[in-house]
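Number 416 in the UniProt record's numbering belongs to position 416 of the sequence shown; there are no gaps in the numbering.
Quick reminder that beta carbons are idealized off the backbone N, C-alpha and C, glycines included.
What follows is a set of notes on a single structure, which appears directly below.
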Amino acid sequence: MAAVRRHTKSLTELNIEENRNNALLKLRGVMYKWTNFVYGWQKRYFELENGVLVYYKAESEKQYGIRGAVALHVARLVESDIDCNRFDILTNDSCWYLRTQSPKSRNLWLRALRYQMFGTANEPKNHCSIDDLARNTDYGQSSLSLELMNKMEQLERFNDMIERQAVRLEKLIHIIKDNRENTCATSLLDESIALNAVTIAVLQNINTCVDLLAKQAKVNHNQGYSEHCETEHEVIANNSSKRIMMNQTLELDNVFSDDDEQEWHDAYDGTPENKSDIKQPSFAGKEAARITSSTLRTEMKSGNENYPGIAESPPKDVTLPASNPFATEINHIAMEQLKYARSVIYDDAWQLFMEEDEMKMYKRELEINGIVYDPLKAVHLVQGVSAREYIHYFFEPRYKHEWDETLVRTRVVDRISMDTVIIHQLHKRIWPSAQRESLFWSNVRYLPEEKSPEALDLYMVCNHDCSLPNVPLQHNSNVRVGLTVAMLCETVVKDGHEKPVDELDRGDIQCQVCYCAQVNPGGWVPVAALRVIYKREYPKFLHGFTKYVLNKIKAQPLMI
């Protein structure tokens, strides 16, 4: 009887096991799949049957077809040691990063997947270990992908933290300003320290991501990717850290994911199907008038006459042809900006947001349809430099890469005359917003009749956005910014240093600078975030540019 009972128990166990195995032959349900660095984890509907795992955007959208499929006989499973809800499915040409809603759900999916891969719900004895996989090139690639993905998730959390901290800082500053008391000084200091710590963590994460991208590039290159992919990845591997993060925006959106139906940009919904079809802007015309940034650098070094020095630029006379299509607009806006820069700063209209030594910066908060258009005005006093020298380095395009840290590329589209150029610039991307471009005319002029009574001269540069049919966006996902910028410079002799002009030296003079700017970002950007950025970047720009000019002229004779 005991033998019969043992035999009966064995049959029962076999029946239970068979039922379990039948249940593992078909499995369906919802899991989260990593899509891209912007959208992160997205809910998807999965079905497992006959050794194939497929997924749809949602169960209700099955009639629209599957979004992806993987044959399990060529796949490998990797369980996460950190996240008990995570596992990955790796093949030779793709990686699916999946997350279930609970550890129990993950175990069920893993059992079903293994059963259809190996005929058993348990991991086979001959299944390679994580260490074995790490030695494999494919897994080396996927492990880099995982680490990069985790770092990007951290960056998303840091981004949220920075936004909240910026809002809290702004509130505290308003409270202090309204109360005229120091009761919140401690809180303000604590918030500033916290923001600084998060910013440091963000920079460290970015550097780590850059290193991972470089390693990923080498892995992909060794695997014999297509010639086009090799070229792009070599760019990533060879460029400097900051250049990588800002320039490779197109590649980052869908790396490590075949679920690329979702792309996000703040001002453009579509993307070209083939990146190689994108037409780069061509600048036809006179060789002396239309030049690339590389040509600029080469010819500058050889002392080419097309690039005037301080003695020739800016010219004392107007050289802009009256027949030029932009002439009327340039003259009108330049004179308008001159009056605007000369206008008195009233406390009720302008807010002082930065004061340091001789530099003061003011702003007026202005929003139109939810987009920030804040006008800014800065006044500065620079010792030992003339207005002509200061304005020369601000106007001449060949110097821009030396002092403007926001630039990726600069092209002189057209040198209309000695005092007017049209410039096309590609700016570094600030994640997660789209990459920005600017296309604008720049005009410099000498205005002695408009100078202050105590000044020797007055020079002005005015920049304003424009459009040209032969200069399209470099990529359809980029955004063209609008801008109006004016810089006025006057040379002033210090009190007690009265001398003939030709006898003045650098110790006798100073330059009064007035800088005005109003920028349309070209698309929606979070208001608080944008204001935090410009409050940091405008003082940084003026400090950096002033330091650059002083360094350039320190070994040169004074030019007034």
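* To do: Consult DSSP for residue 632 and reduce its assignment to one of helix, strand or coil.
  => Nothing about residue 632 can be reported from this structure: the residues present for the chain run from 1 to 560 only.
* If you draw a straight line from the alpha carbon of Q351 to that of L376, how long is it in whole angstroms? -> Here residue 351 refers to the residue found at position 351 when the sequence shown is read from its first residue. Here residue 376 refers to the residue found at position 376 when the sequence shown is read from its first residue. For Q351 and L376, the distance between alpha carbons rounds to 9 Å.
* Would you kindly check if the distance between the Cβ of R506 and the Cβ of E437 is under 9 Å? => Locating residue 437 in the sequence shown gives position 437, where the first residue counts as 1. Locating residue 506 in the sequence shown gives position 506, where the first residue counts as 1. It is not a contact, given that the beta carbons lie outside the stated cut-off.
* Asked: Any contact of the stretch 534-546 with the stretch 480-489, i.e. 3+ C-beta pairs under 8 Å?
  -> no
* To do: Label Q165 either buried or exposed according to how many other C-beta atoms from any shown protein chain fall within 10 Å of its C-beta, with 16 as the threshold for buried.
  => Indexing the sequence shown from 1 puts residue 165 at position 165. Buried: at least 16 other Cβ atoms inside 10 Å.
* Output the distance between the C-alpha atoms of V408 and N551, rounded to the nearest integer angstrom. => Residue 408 sits at position 408 when you count from the first residue of the sequence shown. Residue 551 sits at position 551 when you count from the first residue of the sequence shown. When rounded, the distance between both Cα atoms is 23 Å.
* Asked: Hey, quick one: how far does the alpha helix (DSSP H) through R28 stretch, first residue to last?
  -> The residue labelled residue 28 in the question sits at position 28 within the sequence shown. Note, R28: premise wrong, no alpha helix (DSSP H); beta strand (DSSP E) at K26 to N36.
* Would you call Y64 buried or exposed, if buried means 16 or more other Cβ atoms sit within 10 Å of its Cβ? -> Here residue 64 refers to the residue found at position 64 of the sequence shown. Its Cβ having fewer than 16 others within 10 Å, Y64 is exposed.
* Collapsed DSSP secondary structure at E230 in the structure displayed -> Your numbering for residue 230 matches position 230 in the sequence shown. Per-residue confidence for E230 stands at a pLDDT of 48, beneath the threshold of 50, marking its modelled position as unreliable; the derived number appears in the next sentence. Note: E230 maps to helix in three-state DSSP.
* Leaving out five residues on either side along the sequence, give the residues of the same chain with a beta carbon under 7 Å from the beta carbon of M559. => In the sequence shown, counting from the first residue as 1, residue 559 sits at position 559. These residues qualify, in order along the chain: I310, A311, S386, R388 and E389.
* What's the C-alpha gap between V30 and A112? -> Position 30 of the sequence shown, counting from 1, holds the residue named residue 30. Position 112 of the sequence shown, counting from 1, holds the residue named residue 112. V30 and A112: Cα-Cα distance of roughly 14 Å.
* To do: Take the Cβ of Q435 as the centre, count every other Cβ of all protein chains shown within 10 Å, and call the residue buried at 16 or more, exposed below.
  => Here residue 435 corresponds to residue number 435 of the sequence shown, with the count starting at 1. Answer is buried; the Cβ neighbour count reaches 16.
* The alpha helix (DSSP H) enclosing G544, as first and last residue numbers -> Translated into positions along the sequence shown, residue 544 becomes position 544. Per DSSP, G544 belongs to the alpha helix (DSSP H) from V527 to I553.
* Terminal residues of the continuous alpha helix (DSSP H) containing A71? -> Position 71 of the sequence shown, counting from 1, holds the residue named residue 71. Element bounds for A71: not the alpha helix (DSSP H) but the beta strand (DSSP E), G68 to A71.
* Asked: Taking Y32 as the reference, which of Y97, Y538, S343 and V210 has the closest Cα?
  -> Here residue 32 corresponds to residue number 32 of the sequence shown, with the count starting at 1. Measuring from the Cα of Y32, the nearest candidate turns out to be Y97.
* Decide if R398 is buried, meaning its Cβ has at least 16 other Cβ atoms within 10 Å, or exposed. => If you number the sequence shown from 1, residue 398 lands on position 398. The residue is buried, with at least 16 neighbouring Cβ atoms inside 10 Å.
* Asked: Leaving out the 5 sequence neighbours to the left and right, which residues in its chain are closer than 8 Å to L530 when beta-carbon positions are compared?
  -> Counted from its first residue, the sequence shown places residue 530 at position 530. The residues are V372 and P521.
* Asked: In whole angstroms, what is the alpha-carbon distance linking C466 and F440?
  -> Taking the sequence shown and counting its residues from 1, the one referred to as residue 466 is at position 466. Taking the sequence shown and counting its residues from 1, the one referred to as residue 440 is at position 440. Going by the C-alpha atoms only, they are around 5 Å apart.
* Could you check the C-alpha separation between M117 and F158 for me, to the nearest Å? => Along the sequence shown, one-based indexing puts residue 117 at 117. Along the sequence shown, one-based indexing puts residue 158 at 158. Approximately 39 Å, taken between the alpha carbons.
* To do: Would you kindly work out how many angstroms separate the C-alpha atoms of F87 and C514, rounded to a whole number?
  => Looking up residue 87 in the sequence shown gives position 87. Looking up residue 514 in the sequence shown gives position 514. Approximately 59 Å, taken between the alpha carbons.
* Span separating the alpha-carbon of S53 from that of T406 -> For the purposes of this step, residue 53 is identified with residue 53 of the sequence shown, where counting begins at 1. For the purposes of this step, residue 406 is identified with residue 406 of the sequence shown, where counting begins at 1. Per the sequence presented here, residue 53 reads as Leu, with Ser not at that position. Computed Cα separation, rounded: 46 Å.
* Asked: If you draw a straight line from the C-alpha of E454 to the C-alpha of I175, how long is it?
  -> The sequence position of residue 454 within the sequence shown is 454, counting from 1. The sequence position of residue 175 within the sequence shown is 175, counting from 1. Whole-angstrom Cα-Cα distance: 41 Å.
* Alpha carbon to alpha carbon, how far is E503 from G384? Give it in angstroms, no decimals. => By one-based count along the sequence shown, residue 384 stands at place 384. By one-based count along the sequence shown, residue 503 stands at place 503. Approximately 14 Å between the Cα atoms of the pair.
* Kindly indicate which three-state DSSP category W437 falls into: helix, strand or coil? => Counted from its first residue, the sequence shown places residue 437 at position 437. Rather than Trp, the amino acid found at residue 437 in this sequence is Glu. Looking at E437 - three-state DSSP - the assignment turns out to be strand.
* **Residue range of the unbroken alpha helix (DSSP H) whose run includes residue 616** => No answer is possible for residue 616: it lies beyond the span of the chain, which begins at 1 and ends at 560.
* Asked: D465 bridges to which residues according to DSSP?
  -> Here the question's residue 465 lines up with position 465 in the sequence shown. Note: D465 sits in a beta bridge opposite F440.
* Exposure of I423, with buried meaning 16 or more beta-carbon neighbours within 10 Å -> The residue labelled residue 423 in the question sits at position 423 within the sequence shown. With 16 or more Cβ atoms within 10 Å of its Cβ, I423 is classed as buried.
* Between the CA atoms of M418 and P321 - distance to the nearest angstrom -> Position 321 of the sequence shown, counting from 1, holds the residue named residue 321. Position 418 of the sequence shown, counting from 1, holds the residue named residue 418. Between P321 and M418, the C-alpha separation is close to 10 Å.
* To do: Please name the residue, chosen from V202, K451, A327 and L155, that lies closest to N443 on a Cα-to-Cα basis.
  => Reading the sequence shown from its first residue, position 443 is the one you call residue 443. N443 has its Cα closest to that of A327, out of V202, K451, A327 and L155.
* If we ignore side chains and look at the alpha-carbon of each, how far apart do residue 636 and E163 end up? -> Nothing can be reported for residue 636, as the shown portion of the chain is limited to 1 through 560.
* Length of the line joining the Cα atoms of S192 and R28 -> For this step, residue 192 is matched to residue 192 along the sequence shown. For this step, residue 28 is matched to residue 28 along the sequence shown. The straight-line gap from Cα to Cα measures roughly 49 Å.
* Who pairs with R415 in a beta bridge, going by DSSP? -> If you number the sequence shown from 1, residue 415 lands on position 415. V421.
* Do you know offhand how far K363's Cα is from R342's? -> Residue numbering aside, residue 363 sits at position 363 when the sequence shown is read from its first letter. Residue numbering aside, residue 342 sits at position 342 when the sequence shown is read from its first letter. So the two alpha carbons sit approximately 15 Å from each other.
* Hey, L381 and M361: beta-carbon distance below 9 Å or not? -> Within the sequence shown, the letter at position 381 stands for residue 381. Within the sequence shown, the letter at position 361 stands for residue 361. Against a cut-off of 9 Å, the Cβ pair of M361 and L381 comes out as no contact.
* Based on Cα-Cα distance, which residue from P315, C95 and C84 lies nearest to W109? -> Sequence index remark: in the sequence shown, residue 109 carries index 109 (1-based). Selected option, being the one with the closest Cα: C84.
* To do: Look at the alpha carbon of Y534 and the alpha carbon of S433, and state the distance between them as a whole number of angstroms.
  => What you label residue 534 is simply residue 534 of the sequence shown in a count that begins at 1. What you label residue 433 is simply residue 433 of the sequence shown in a count that begins at 1. Using only the alpha carbons, I get a separation of about 15 Å.
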